[in-house]
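S.K.: Protein chains in written order, with the working numbering: chain A, -16 to 181; chain B, 276 to 876; chain C, 81 to 440.
For glycine and all other residues, C-beta sits at the position ideal for the given N, C-alpha and C.
The structure presented is a predicted model; accordingly, all values stated were derived computationally and were not measured.
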Amino acid sequence: MSAATHETEHHTSLGLDNRKLLMWIFLASECLFFGSLLSTYLIFKGESLSGPGTDIFAFEITSISTFVLLMSSLSMVLAVYGAQHGQLGLMKLMLLCTILLGLVFLGFQVYEFKTFASEGLTLSTNQFGASFFVLTGFHGCHVGGGVIYLGSLLIASVRRNGIGKETPLYIDIGGLYWHFVDIVWIVLFTVVYLIPAY
Amino acid sequence: MATATDGVGAVQTEQSKVWEWLTTVDHKKIGAMYGITGFTYFLISGLTALAIRTQLAVPNGNVLSAELYNQFFTMHALMMIFLAIMPMGASFFNFFIPLQIGARDVAFPRLNALSYWVFLSGSLILFSSFFLGGAPDAGWFAYAPLTDSQYSVGPGLDFYCVGLIILGLSSLMASLNFAVTILNMRAPGMTMMRLPVYMWMTLVVSFLLILSLPIVTVALVLLYFDRNFTTNFFTPETGGDPILWQHLFWLFGHPEVYVLILPSMGIVSEVIPVFSRKPLFGYSAIVFAGASIGVLGFGVWAHHMFTTGLGTVPTLVFTATTMGIGVPTGVKIFNWLSTMYGGSIRFTTSMYFAVAFIAMFTIGGISGVMHASPAVDSQHQDTYFVVAHIHYVLFGGAIMGIFSGIFYWWPKMTGRFLSETIGKWSFWVMFAGMNLTFFPMHFLGVSGMPRRIYTYDEGFGWDDWNMVATIGSYLIGVGVLIFLVNVFRTMRQPATAPDNPWDGPTLEWATSSPPPEHDFDVIPEVHSSIPLWTNREMGIATPEAPEGLHIHLPPPSYMPLILAIGIGLLGVGLLSHLALVGIGVAIAIYGIWGWAIEPTD
Amino acid sequence: MTGRSRQIVLVVASFVAVAFVSWLIFIAFDGAAIDKRMSTLNPLSDQTQSYHNVYVLVWWLSGAVFVVIMAATLILSLVYRERPGVESRRDIHGNTRLEILWTIIPIVILVTMVVPTFGAVLSVEGDAEEGALEVTATGHQWWFEFTYHDSDGNELFRTANEMHVPVEQAVNVSLVSNDVIHAFWVPALFGKKDMMPGHNNRLWFKSKPGTEGMHYGQCVEYCGDSHANMRFRVFVESRANYDAWVANQIATAKWSDDELVNAGREVFVAKACNSCHQVEYSKSDAPDWLVLPTVAAIGPNLSHLASRTTIASALLDRDESSLRAWLKNPPGIKPGSRMPNLELTDDEITKLIAMLDSLE
């Protein structure tokens, strides 16, 4: 923390805490990151010379994992609520739920990747394989990073002194990140999985 | 006012000077490290330039082999852009953002330190390529499919990918930090339209990087995958497209050139009013022009691709947008000149560099507008005409702006003055050298000399101007040497500079030279974009510091260093043994954990 | 000298200085391109003429802006230099009317450049005229290959380093790359266009009357080690000469029974030159000549090498000493060259040169 944010209620020009502003602006750059990956995927749509295409998708499974991730955003909202209303027990429980749901989502991703590989779709198979795995792979890494991030918050919050009086802020910022990762998945799911099917 | 007890260049009595610098989170020290590192790379890259010019002095030269030449021109650009100009810019950002907005540090001091150490890591990785199998040699723009592993067989391009990704990370962290700081930590009374122009330019640059770095990161990741994991994003064999690389690269690359020039435009916007003894003409227009250059800068990228067969419609659209971006640029030139009108101009060395900036950047801007037309570009593209253009805007513009800032802010940063006499000598020698080197390149371009060629034949009529350009380049070298002499002589003097030797209007001049570690004893009231002049006119005095003033500062930390080492090892691992990636990650996790739990008060 | 007359003197002197420098620059620009092999200011086709007209307009407008800004910078620096007793105008913060004016004037200047640009680009980038000659130019690392087609698109012959075209004839060049991005450029005849792997770029041009002669070209997209050495020539010829050239290229390689040429052929086969280079003798001349694979050759087709003026991607003239130097050590002349150093003896080289010289 800097000298300027020494007191929790320190004056800021925009009325937002520095750390929250940081997360918002960081998410703006993440939009460009995923935008570039998604554009690459779309540019190569239909350009693969051989190998499996979107027919390899198993929508039922991916719909479940999407639902799981959506539910994790719900639990995250509840965790933030708990933190903001002093209900630390609720907060910790919901953080744990979010983490578990996130891990379930990742499990589904791993399962899907392995299934595709056994069905003949890998990074080097064709343009679809390359751009699909890079796009969803990086998203998965972001979910994984989020799991570690929230996990650290949870671990810190169960220690003797907890996170301290800025708990609502920290959980809120964590929530921002988590919701962003979820929104990216909604976009990905729609553009990559849903639209080609219908 | 507070006495100068801390700050860069002052005598320290700490036990371990080295440890102090390794763990500092003080923006002024971090700024100094950026500046020294950046200037060192500037000198090294200058040597590559001299080697290139020596090779091209005569036709069929044999000073550099083709292989070495191709590495040199690639690394010259990479080093100048990423290891010299950007870090020197970051140096001033670091030192002066808190001072100009009336804060006492940036929003995230440890993140600030991390940015520097990650920059150092990335720069060493990139630079070490010279000695570890060959530097990248496909140009700084690294067009596919030449960069694919089948055509670029050595590890050079892998160093390129990993090095630039890490350097991009550093710039991103710094930009996030600066954006939050400028938006959120301004002194009371400093509305956005009272920000110094230099701060506005810094803010625009920060957003340019925040939005463009992710795009090039994706490009570099895809290239790394193509080279190492048998994907074919950029190679046509299985349906990939080399043009995709160009779009992704230039979507970053064009905003990047505004990142290089806007800080210098900001510096010049500070320097010219001070030495003309007049407020900046058209403050709002300059701010809006700078912001619109930032926004429009994302809409012109394909003018680098006019000859790639884009298609007539896209070509013409980008013609219009590229011409369009000339308008706000012109507005700035006129506003700077109008600031000089009616002034009482003091020609210090800083002012020389600033006025030269106006003229040299205009020349570069003019040649740029010329090949904004694809009709002209069909003959100029990939010739020395473009080399002339880029060096007028980058050397005549960005570098001269930086030198102007160095002379202007040297007393504030170090408490000493650079010699004006030696300074003016270095200016004139550099100015003459620069024009002698780069103006003839316009002529070489119209007589058809292509770029990126390690040699040329006699009989094409390129001999004479090449020789002139080479002589000019050595003159630049002499000018830079004279500047170095100036620096070394000045640092032996005692630090006796007053708070505001040039009568500047912005807040950094309201504290000692150099500033104390806590920057300000008392932050002045802000009623305009030129607060010190306005306060003087309105008779507002800054109160004395209260007795027993204690300003809490963030403690030093070695976690940024640890984390940067971890990231660096990760990168090195990607280039050598995967085991190192694991070790790097482990060290990075330790750094992050230590960062999160260490006390900050 | 009073303040006023001092100002006037400085203004006039500044303009004179700037005008003088501008005049020097003008001369240098012109001089830079006169009689230069790769001059961009010598348009010899309708297309380069069209682009050149835009260039001239842009150049003069740019020159005017240059003079104004340089003069203004110099004048303001001199006139407003600090002088004892003269205060600065601290009251000036802006002038809306002026600022609007100098936003509008640049817009007008830029529009003046953009409009003719649009016209020129649309005409040059459009489809080739009816009846255009069809040639495919293929970029290799580091040489240019030319494949000529008949009006049905069938391949007539292949050559390298030089392209011949009839004067005042539209020529449609399809641009192909064998490996990395190259660019195709003859400043006198056409603006550059990339040879993009995986893409079908093209350009077309029509030479003006009286432009017969040899015109220089070079690759202008960095393509690796020997990018600097990747050159070519375009020969604009009368219809009759062009037809004769084509007829010769289409014909099979000339057979010579000379003893030295025979010995050269033996070396050609013994050193496996034919694994990269085609020499298309007719079956009736050379029934025993090794049948070459029909895949695209790796190196230039040598069937009519002796009809060409250059070798080694137009880097060297085709003469005895250059041929000798090239055959002795190709990578020494062209770093990275795909043609390796075959460790030929001087005697083997003499024989090979005899054979190559016979391939008219």
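Relative to the C-alpha of ASP657/B, which residue among ILE728/B, PHE692/B, SER679/B, MET709/B is closest?
M.R.: If we check each option's Cα against that of ASP657/B, ILE728/B comes out closest.
S.K.: Where does the unbroken beta strand (DSSP E) through VAL253/C begin, and where does it stop?
M.R.: That run of the beta strand (DSSP E) goes 250 to 257.
S.K.: So, is the C-beta of ASN387/B closer than 7 Å to a C-beta in chain A?
M.R.: So, not an interface residue.
S.K.: Beta carbon of LEU838/B, beta carbon of GLY859/B: below 7 Å?
M.R.: Not a contact, by the Cβ cut-off of 7 Å.
S.K.: Indicate whether at least one CB of chain B lies closer than 7 Å to the CB of SER31/A.
M.R.: Yes, SER31/A lies at the interface with chain B (some Cβ there is under 7 Å from its Cβ).
S.K.: Quick check on VAL375/C: does DSSP put it in helix, strand or coil?
M.R.: Caution is warranted here: a pLDDT of 45 is assigned to VAL375/C, below 50, making its placement in the model unreliable, and no coordinate value can be reported.
S.K.: Measuring only between beta-carbons, confirm whether THR505/B sits less than 7 Å from chain A.
M.R.: At least one chain A Cβ lies under 7 Å of THR505/B.
S.K.: Any C-beta of chain A sitting closer than 7 Å to the C-beta of ILE490/B?
M.R.: It does; some Cβ of chain A falls within 7 Å.
S.K.: DSSP has ARG161/C in a bridge; who is on the other side?
M.R.: Per DSSP, ILE620/B.
S.K.: Quick check on this structure: which residue in GLU225/C, PRO267/C, ALA200/C, VAL98/C has the alpha carbon closest to the alpha carbon of VAL145/C?
M.R.: Ranking the options by Cα distance to VAL145/C, first place goes to VAL98/C.
S.K.: Fully enclosed by the stretch 203 to 268 of chain C, which beta strand (DSSP E) runs are 3 residues long or longer?
M.R.: As far as the stretch 203 to 268 of chain C is concerned, its whole beta strand (DSSP E) runs of at least 3 residues are 213 to 220, 223 to 229, 235 to 240, 242 to 246, 250 to 257, 262 to 266.
S.K.: Nearest chain B C-beta to LEU403/C closer than 7 Å, yes or no?
M.R.: No, LEU403/C does not count as interfacial toward chain B.
S.K.: I need the straight-line Cα distance from LEU807/B to ILE798/B, nearest angstrom please.
M.R.: Approximately 11 Å, taken between the alpha carbons.
S.K.: Quick check on DSSP: helix, strand or coil for PHE184/C?
M.R.: This sequence places Ile at residue 184/C; Phe is not what is there. If DSSP states are grouped into helix, strand and coil, ILE184/C belongs with the helices.
S.K.: So what does LEU283/C bridge to, in DSSP terms?
M.R.: Its beta-bridge partners are VAL253/C.
S.K.: Closer than 8 Å by beta-carbon distance: list the chain A residues that pair up with GLY514/B, in chain order.
M.R.: Ordered by position in chain A, the residues that pass the 8 Å Cβ test against GLY514/B are PHE27, GLU30, SER31, LEU32, ASN109, GLN110.
S.K.: Can you tell me whether DSSP reads ARG311/C as helix, strand or coil?
M.R.: ARG311/C falls in the strand class under three-state DSSP.
S.K.: State the start and end residues of the unbroken alpha helix (DSSP H) segment that holds LYS97/A.
M.R.: Counting along the chain, the alpha helix (DSSP H) containing LYS97/A begins and ends at 71 to 101.
S.K.: Tell me whether TYR94/A is buried or exposed, calling it buried when 16 or more other Cβ atoms sit within 10 Å of its Cβ.
M.R.: Under this definition TYR94/A is an exposed residue.
S.K.: So which residues of chain C does ASP501/B contact, with C-beta pairs closer than 8 Å?
M.R.: Within 8 Å Cβ-Cβ: nothing; ASP501/B doesn't reach chain C, min ~13 Å.
S.K.: Any idea if ALA113/C is buried or exposed, counting beta-carbon neighbours within 10 angstroms, 16 or more meaning buried?
M.R.: Buried is the call here.
S.K.: Report the residues of the stretch 726 to 738 of chain B with a CB closer than 9 Å to any CB of chain C, ordered along the chain.
M.R.: Here the close residues are ARG726, ARG727, ILE728, TYR729, THR730, TYR731, ASP732, GLY734, PHE735, GLY736, TRP737.
S.K.: Could you give the distance in angstroms between the alpha-carbon of THR374/C and the alpha-carbon of ASP365/C?
M.R.: Summary for THR374/C: the model assigns pLDDT 45, below 50, so the residue's position carries little reliability, and this model does not support an answer.
S.K.: DSSP state of VAL91/C, grouped into three classes?
M.R.: Three-state DSSP puts VAL91/C in a helix.
S.K.: Return the bridge partner residues of LYS272/C from the DSSP annotation.
M.R.: Answer is none; LYS272/C lacks a bridge partner.
S.K.: What number of angstroms, rounded off, separates the C-alpha of HIS357/C from the C-alpha of ALA377/C?
M.R.: So the two alpha carbons sit approximately 6 Å from each other.
S.K.: Starting from MET294/C, trace the alpha helix (DSSP H) both ways and give me its first and last residue.
M.R.: Where MET294/C is concerned, there is no enclosing alpha helix (DSSP H), although the beta strand (DSSP E) it sits in stretches over 293 to 298.
S.K.: Return the chain-ordered list of same chain residues with a C-beta closer than 8 Å to the C-beta of THR332/C, the five sequence neighbours on each side being excluded.
M.R.: GLU360, TYR361, SER362, ASP365, SER383.
S.K.: Drop a sphere of 10 angstroms on the beta-carbon of ARG726/B, count the other beta-carbons inside from all chains shown, and report buried for 16 or more, exposed for fewer.
M.R.: ARG726/B is buried by the Cβ-count criterion.
S.K.: So what does DSSP say about SER701/B, is it helix, strand or coil?
M.R.: SER701/B falls in the helix class under three-state DSSP.
S.K.: Return yes when at least one heavy atom of the ligand FMN lies under 6 Å from the C-beta of LEU156/C, else no.
M.R.: Among the ligands in the structure shown, none appear at all, so the ligand FMN cannot be discussed.
S.K.: Select from the stretch 143 to 170 of chain C all residues with a C-beta closer than 8 Å to any C-beta belonging to chain B, and list them in chain order.
M.R.: Those residues of the stretch 143 to 170 of chain C that come within reach of chain B (Cβ to Cβ, closer than 8 Å) are VAL145, PHE146, ILE149, MET150, ALA152, THR153, LEU156, SER157, TYR160, ARG161, GLU162, ARG163, VAL166, GLU167, SER168, ARG169, ARG170.
S.K.: So what does DSSP say about TYR749/B, is it helix, strand or coil?
M.R.: Three-state result, TYR749/B: helix.
S.K.: Quick check: what's the CA-CA separation for THR456/B versus MET474/B?
M.R.: Whole-angstrom Cα-Cα distance: 10 Å.
S.K.: What's the C-alpha gap between LEU591/B and VAL570/B?
M.R.: Computed Cα separation, rounded: 19 Å.
S.K.: Given a cut-off of 7 Å, decide if GLY639/B and TYR667/B are closer than it, judged by their beta-carbon atoms.
M.R.: Contact flag set, yes.
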